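Novice: In the working numbering, the protein residues as written are 118 to 316.
Heads up, the beta-carbon is just placed ideally off N, CA and C, and yes, glycines get one too.
Every value quoted in this text rests on a predicted model; they were computed, and no experiment measured them.
This is the structure, below, for whatever I ask next.
Here it is as structure tokens:
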């Protein structure tokens with residue numbers, strides 16, 4: 118297994134680490150004074166490191182000509198796992214609407230399903246991510262990083278700062294939903310010829 122693929126697997130392994138820290142506290146504890154911003158800070162750092170491996174594995178794979186079919190499947194899978202888990206916890210905090218999460222999941226199921234059908238076709242076609250998909254992933258990751266780092270800092274500053282971070286995060290989540298929907302529609306449209314001919 119080459120280095121880019123190892124970085125992809127590392128990103129997957131960091132998901133449960135992120136879950137451990139973000140599960141130790143929640144936004145609902147602010148009113149009771151039990152919210153622990155340090156755990157969100159650590160969770161944010163873990164998520165940021167995992168997100169950086171997304172850039173690094175793709176960059177190295179292209180630079181060293183190590184692009185593999187495994188990487189084409191595992192890389193977006195790792196991204197989906199990492200970001201979806203984070204948005205589920207943001208929904209728990211009341212920051213991410215269930216509608217936003219449903220749009221994200223619908224897009225990922227549709228795209229992943231198309232990829233599976235394409236891979237199982239007679240010619241074994243591998244459909245890589247398009248530019249809109251990359252923009253979607255970057256925006257999702259930046260929104261998540263902003264929320265967890267923002268909450269870790271704002272909770273130690275003031276209630277107004279906390280409200281501001283929550284408000285901005287809510288707006289970012291809806292922006293993510295819009296870009297995610299567009300990327301999914303664009304992906305399916307670009308591959309409509311395959312869809313029409315699939316049996």
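Please specify which runs of the alpha helix (DSSP H), each continuous and at least 4 residues long, are wholly inside the region 212-299, giving them in chain order.
Specialist: You should have 215-236 and 248-271.
Novice: Measuring alpha carbon to alpha carbon, tell me which of 120, 134, 144 and 132 ends up nearest residue 276.
Specialist: Looking up residue 276 in the chain shown gives position 159. Considering only alpha carbons, the answer is 144.
Novice: Apply the 10 Å Cβ neighbour rule to residue 233 and answer buried if 16 or more other Cβ atoms are within range, or exposed otherwise.
Specialist: For the purposes of this step, residue 233 is taken as residue 116 along the chain shown, with counting starting at 1. Exposed, by the Cβ-count rule.
Novice: Classify residue 141 as helix, strand or coil using the three-state DSSP reduction.
Specialist: Taking the chain shown and counting its residues from 1, one reaches residue 141 at position 24. Coil at residue 141, not helix or strand.
Novice: Exposed or buried, which one is residue 266 when buried takes at least 16 other CB atoms within 10 Å?
Specialist: Within the chain shown, residue 266 is the residue found at index 149, counting from 1. So residue 266 ends up on the buried side.
Novice: Please name the residue, chosen from 259, 158 and 202, that lies closest to residue 130 on a Cα-to-Cα basis.
Specialist: Residue 130 sits at position 13 when you count from the first residue of the chain shown. Nearest C-alpha to residue 130: 202.
Novice: Under the assumption that residue 185 contacts residue 253 (Cβ atoms under 8 Å), give the Cβ distance between them as a whole number of angstroms.
Specialist: Numbered from 1 along the chain shown, position 68 holds the residue referred to as residue 185. Numbered from 1 along the chain shown, position 136 holds the residue referred to as residue 253. Wrong, their Cβ atoms sit about 23 Å apart, outside the cutoff.
Novice: For residue 121 and residue 198, I'd like the C-alpha separation in whole angstroms.
Specialist: What you label residue 121 is simply residue 4 of the chain shown in a count that begins at 1. What you label residue 198 is simply residue 81 of the chain shown in a count that begins at 1. Computed Cα separation, rounded: 18 Å.
Novice: Here's the rule I'm using: 16 or more other beta-carbon atoms within 10 Å means buried, otherwise exposed. How should residue 179 be labelled?
Specialist: As a working note, residue 179 is residue 62 in the chain shown. So residue 179 ends up on the exposed side.
Novice: Between which residues of its own chain and residue 223 is the CB-CB distance below 8 Å, once the five residues before and five after are set aside?
Specialist: Sequence index remark: in the chain shown, residue 223 carries index 106 (1-based). So the list reads 301, once near-sequence residues are dropped.
Novice: Should residue 151 and residue 262 be called a contact, given that it needs their Cβ atoms to be closer than 8 Å?
Specialist: Within the chain shown, residue 151 is the residue found at index 34, counting from 1. Within the chain shown, residue 262 is the residue found at index 145, counting from 1. Not closer than 8 Å, so no.
Novice: So residue 290 and residue 183 are supposed to be a Cβ contact under 8 Å. How far apart are they, rounded?
Specialist: Taking the chain shown and counting its residues from 1, the one referred to as residue 290 is at position 173. Taking the chain shown and counting its residues from 1, the one referred to as residue 183 is at position 66. Not quite, the Cβ-Cβ distance comes to about 35 Å (not below 8 Å), so this is no contact.
Novice: In whole angstroms, what separates the C-alpha of residue 142 from that of residue 231?
Specialist: As a working note, residue 142 is residue 25 in the chain shown. As a working note, residue 231 is residue 114 in the chain shown. Between residue 142 and residue 231, the C-alpha separation is close to 37 Å.
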